[in-house]
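Contents: one structure, followed by commentary.
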Amino acid sequence: MTLRATHPEFLTLFPPDASLIRLATGFTWTEGPTYVPTRQAVIFSDVRQNRTWAYTDSGDLLEELTPSHHQNGHCLDAQGRLIACSHGLRALLRQEEDGRWTVLADRFEGKKLNSPNDVALHPDGSLWFTDPTYGLDKPEEGYGGQKEQSGNFVYRLAPDGTLSAPIRERAKPNGLAFVSAQRLLLADTGEGKTYAYTVGADGSATLEREWFSVSPGKTDGLRLDEEGRIWSSAGDGVHVLSPEGEELGRILVPETVSNLCFGGPHGTDLTVTATTGLYRIPTKTRGLSW
1 MTLRATHPEF
11 LTLFPPDASL
21 IRLATGFTWT
31 EGPTYVPTRQ
41 AVIFSDVRQN
51 RTWAYTDSGD
61 LLEELTPSHH
71 QNGHCLDAQG
81 RLIACSHGLR
91 ALLRQEEDGR
101 WTVLADRFEG
111 KKLNSPNDVA
121 LHPDGSLWFT
131 DPTYGLDKPE
141 EGYGGQKEQS
151 GNFVYRLAPD
161 GTLSAPIRER
171 AKPNGLAFVS
181 AQRLLLADTG
191 EGKTYAYTVG
201 ADGSATLERE
211 WFSVSPGKTD
221 GLRLDEEGRI
231 WSSAGDGVHV
241 LSPEGEELGR
251 ILVPETVSNL
261 CFGGPHGTDL
271 TVTATTGLYR
281 IPTKTRGLSW
């Protein structure tokens, strides 16, 4: 069984014959999937093999970068350009139309970032990204180096290039997604919990409360669909939750899931990165996007 419902609503989110398909395998730790419509492809990372890949709508698996400088999370900016978190370069990057990469941020208050992990676009055009120390602590996920920041912060890169750190109290901030312009969900893989923050028009962020947690495993990556439901990675697959954080059901995956994204020709395909494999399942909903 691919789908396990805990609420009747869950099965309505999928076509009647929906099943999980493994698209590709042979990786070490897949991460950071983002669908790029102009390329009709999902871009994703193999953090530990130091590569990125593209899987196209036509079914082609294409190598992107080797080395990728241990890229992890990706998203699109307000202009549709690919944004990447690089453990190796300790930087937030943007890919230009000619394929070159521009460093958007690699220092805060004169000190090197830790190892940017995941990134999300806010409706105002700012980019928010997490900066735990996995690329420093794990030699297979980065180039190492000395930690310079006093904590593991969540940063906001404003459209004008100003970098601030609105969230400073989390242990290992990781996946993040905006519910709206006023609310952010943030996974902390150090604590194994996901929190909600109220986001101010000035770029501030105030903790509301713990929103949910998954078991087995932890929330690493997460996405919102157009109805506000939460799609979270977990140890046994993808957990789908109501906007309030109550579990609706699970997509069972035979490997630990790191992350996921919506995409495909109609925006309804859910692509899942899970340890050594890349998986896909059709849905009847679309990802929330700005």
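If you're matching positions, the sequence shown starts at 1 in the UniProt record's numbering and goes up one per residue.
Backbone N, C-alpha and C define an ideal beta-carbon position, used for all residues, glycine too.
Note that the structure is a prediction, hence the values are computed from the model and not measured.
Here S58 is exposed, its C-beta having fewer than 16 other C-beta atoms within 10 Å. Distance from the Cα of P16 is smallest, within the candidate group T2, R22 and F27, for T2. With a cut-off of 8 Å on Cβ pairs, the region 43–63 is not in contact with the region 6–22, counting fewer than three such pairs. Going by DSSP, D269 is part of no alpha helix (DSSP H) but of the beta strand (DSSP E) stretching over D269 to A274.
Take the alpha-carbon of H266 and the one of K147: they are about 43 Å apart. Taking all protein chains shown into account, G200 has fewer than 16 neighbouring C-beta atoms within 10 Å of its C-beta and is therefore exposed. The alpha-carbon of R229 is positioned some 37 Å away from that of E109. Secondary structure of Q182 (DSSP, three-state): coil.
Beta-bridge annotation (DSSP): S204 is not paired with any residue. In the DSSP annotation of this structure, the continuous segment of the beta strand (DSSP E) that includes G73 starts and ends at Q71 to L76. Annotation for G263: the continuous beta strand (DSSP E) segment containing it runs N259 to G263.
The three-state reading of DSSP puts V253 in coil, since its state is none of H, G, I, E or B.
The C-alpha of W231 lies about 21 Å from the C-alpha of C85.
The alpha-carbon of L121 is positioned some 19 Å away from that of P132. Residue nearest to S233 within the set T66, S180 and T271 is T271 (criterion: CA-CA distance). Under the three-state reduction of DSSP, G135 is assigned to helix. Nearest in C-alpha terms to A158, of all of D124, R90, R22 and P139, is D124. Just measuring C-alpha positions, the residue of V179, T219 and W53 sitting nearest G192 is T219. If you ignore the 5 residues before and after T6, its C-beta comes within less than 7 Å of the C-beta of E247, L248 and G249, all in its own chain and listed in chain order. One thing to note: H70 has its Cβ no nearer than 8 Å to the Cβ of V42. Here S45 has E31, G32, T52, Q71 and N72 as same chain residues with Cβ atoms under 6 Å from its own Cβ, once five neighbours each way along the sequence are excluded.
The alpha carbon of I83 has as its nearest neighbour, out of P37, R223 and D118, the alpha carbon of D118. Judged by beta-carbon spacing, F27 lies within the 8 Å limit of T276, meaning their Cβ atoms are closer than that value. Contact annotation: the region 183–198 touches the region 209–219, with at least three C-beta pairs closer than 8 Å.
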